[in-house]
Amino acid sequence: MKKAAPLLGLVALLAAGLAFAAPAPQPVLLTGARVLDPAGERLLDGRDVLIENGRIAAVGATGTLQVPAGARKVDLSGLTLIPGLIEMHSHLLLHPYDETPWDDQVLKEPLELRTIRAVVAAKATLEAGFTTVRDLGTEGAGYADVSLRDAIASGMIPGPRVLAATRALVATGSYGPAGFDPRWEIPKGAQVVDGPVEMRKAVREQIAAGADWIKVYADYRRRPGVTTPTFTQEEMAAAVDEARSVGLPVAAHAYTPEGIRRAVLAGVATIEHGTGVTDELLALMKQKGVALVPTLAASEAVSRYAGWKPGEPEPQRVREAREMFVRALKSGATIANGSDVGVFSHGRNARELELMVSYGMSPGQALRAATVTAAAVLRKDKDLGRIAPGYLADLVAVKGDPLADISAIEQPVLVVKDGRVAVERR
Ligand SMILES: [Zn+2]
613 MKKAAPLLGL VALLAAGLAF AAPAPQPVLL TGARVLDPAG ERLLDGRDVL IENGRIAAVG
673 ATGTLQVPAG ARKVDLSGLT LIPGLIEMHS HLLLHPYDET PWDDQVLKEP LELRTIRAVV
733 AAKATLEAGF TTVRDLGTEG AGYADVSLRD AIASGMIPGP RVLAATRALV ATGSYGPAGF
793 DPRWEIPKGA QVVDGPVEMR KAVREQIAAG ADWIKVYADY RRRPGVTTPT FTQEEMAAAV
853 DEARSVGLPV AAHAYTPEGI RRAVLAGVAT IEHGTGVTDE LLALMKQKGV ALVPTLAASE
913 AVSRYAGWKP GEPEPQRVRE AREMFVRALK SGATIANGSD VGVFSHGRNA RELELMVSYG
973 MSPGQALRAA TVTAAAVLRK DKDLGRIAPG YLADLVAVKG DPLADISAIE QPVLVVKDGR
1033 VAVERR
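Mapping to the numbering used here: the sequence shown position 51 is 663, numbers consecutive.
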């Protein structure tokens, strides 16, 4: 037994149950950056950030921190350091609809190809500075998001921290692919359930398969051109109650006032899209602590695919999304950053923040919607979204001042996730 040490290392790995677990990261000192303060409101000049064991150990004026031996020093002079960005609504298992229509992705693309593509999408997301995503449905790709999440978490492949919603839940006749002769049983892009009993069973199945969030479709185009509520109040309540019994929150896709109302009354944590939300419902959401995830970038992308070009008069879909956002902003309801990326290219997540700013948010508010606010909605506000001691070391260095011009986040120079330098471009 000459090589005792490597053997012990192997035993430790096996004990952890992670054959591909990455070794503990070396301490890192990020030095000389302008750092976003913990509240996400202003930049502090000349700061050092010490990272140990994957977390932020200390933040202080440059040159004042006690640095452990063997720490790697990374000079960030002239750069701005912000928390790793959070995407609240991604579909890593989808790719842009102008490449392949959604129906064809769901019905024709092999699961293996879709999963490999998702691996590439995850890398692009991390490179764009998004270190956490809530992935809201695999759209026919089963539980591939759970394996993707676990492969990333074990260090096997690069990517953001993934919170997986798995298959999502829809009512009969309330999801695509649709429009076929009713004789044919066409596979759907989500799990079909009817009634509170089936709802509970499906939520239990998804939890057992590894879901971190449960996603329900509260409304859908059930007749051509008409979006109407799908699940009853009782069905929605069953989903929320079953998820809650294991501590999981529920996200509801909802466009119509009645769909939003049922979801909010059932106790969901977030409303996705929300285009038809009324001022009264926004007040109810604010009162109940339900966050809105506006997905403005998806409305823009879908309009583009339908032939609209930026600069031309605003199409209805874009106008409705913008007007909804303006009302939501005025209402004071919580708005979290989520783009529905996958509808458009992975790695272009920053588009949502740019649209939020062009529709009336300050760059600081938009940045907080993708950091502190998103972390709170994810119930991870002790770990994510701030540059402060004790927080996970998810950090992004950018050129310029994102509090003055949000587009500064588009091209990160450095991305740190879990205390490891994951991307370095210079
Ligand atoms: Zn979506």
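Where is the CB? At the ideal position from N, CA and C, for every residue including glycine.
Annotation: R1038 is outside any alpha helix (DSSP H) and is labelled neither H nor E by DSSP.
Here DSSP, grouped into helix, strand and coil, assigns V953 to strand. L941 carries a helical assignment under DSSP once its states are collapsed to helix, strand and coil. Minimum Cα-Cα distance from A776 among the listed residues E699, V930, R963 and G886 corresponds to E699. The beta carbon of P639 lies closer than 6 angstroms to those of E664, P680 and A683 in the same chain, with the five residues before and after it left out. If you ignore the 5 residues before and after P808, its C-beta comes within less than 7 angstroms of the C-beta of E846, E847 and A850, all in its own chain and listed in chain order. Beta-bridge analysis with DSSP links D993 to no other residue. If you check the CB distance, L704 and D757 come in under 8 angstroms. In this structure, H701 sits away from G976, with a CB-CB distance that is not shorter than 8 angstroms. Residue pairing of F742 in beta bridges, as defined by DSSP: L697.
Three or more Cβ pairs closer than 8 angstroms define a contact, and the region 726-738 falls short of that threshold against the region 794-807. Using a C-beta cut-off of 8 angstroms, the region 658-673 makes no contact with the region 851-868, since fewer than three inter-stretch Cβ pairs fall below that distance. Sixteen is the threshold: since fewer than 16 other Cβ atoms of the shown chains lie within 10 Å of the Cβ of T676, the residue is exposed.
A straight line joining the alpha-carbon of D716 with that of S857 spans about 36 angstroms. Proximity of the beta carbon of L748 to ligand 1 is indicated: a heavy atom of the ligand is located closer than 7 angstroms. Beta-carbon to beta-carbon, L688 and L1015 are separated by about 17 angstroms, too far to satisfy the 8 angstroms threshold.
Under the three-state reduction of DSSP, G644 is assigned to strand. In the displayed model, G752 falls within coil according to three-state DSSP, outside both helix and strand.
Judged by pairs of C-beta atoms under 8 angstroms, the region 969-983 touches the region 938-955, as three or more such pairs exist. Straight through space, the alpha carbons of R929 and P906 are spaced by roughly 13 angstroms. The C-beta distance from T727 to A753 rounds to 7 angstroms, short enough to meet the 8 angstroms contact threshold. Judged by DSSP in its simplified three-state form, L706 adopts coil rather than helix or strand. Our two residues, E892 and A673, have alpha carbons roughly 47 angstroms apart in a direct line. Comparing alpha-carbon positions, the option among R934, A987 and P789 lying closest to V969 turns out to be R934. By the neighbour-count criterion, in which 16 or more other beta carbons inside 10 Å mark a residue as buried, V838 falls on the exposed side. Taken from the Cβ of H703, at least one heavy atom of ligand 1 lies inside 7 angstroms. Sequence-distant Cβ neighbours of D1017 in its own chain, meaning closer than 8 angstroms and more than five residues away, are P975.
Between the alpha carbons of K1029 and P637 lies a gap of roughly 11 angstroms. Short of 6 angstroms from the beta carbon of L904, and not among the five residues preceding or following it, lie these beta carbons of its own chain, in chain order: I883, G886, A940, A945 and I947.
According to the DSSP assignment, A978 belongs to the alpha helix (DSSP H) that extends over P975 to A981.
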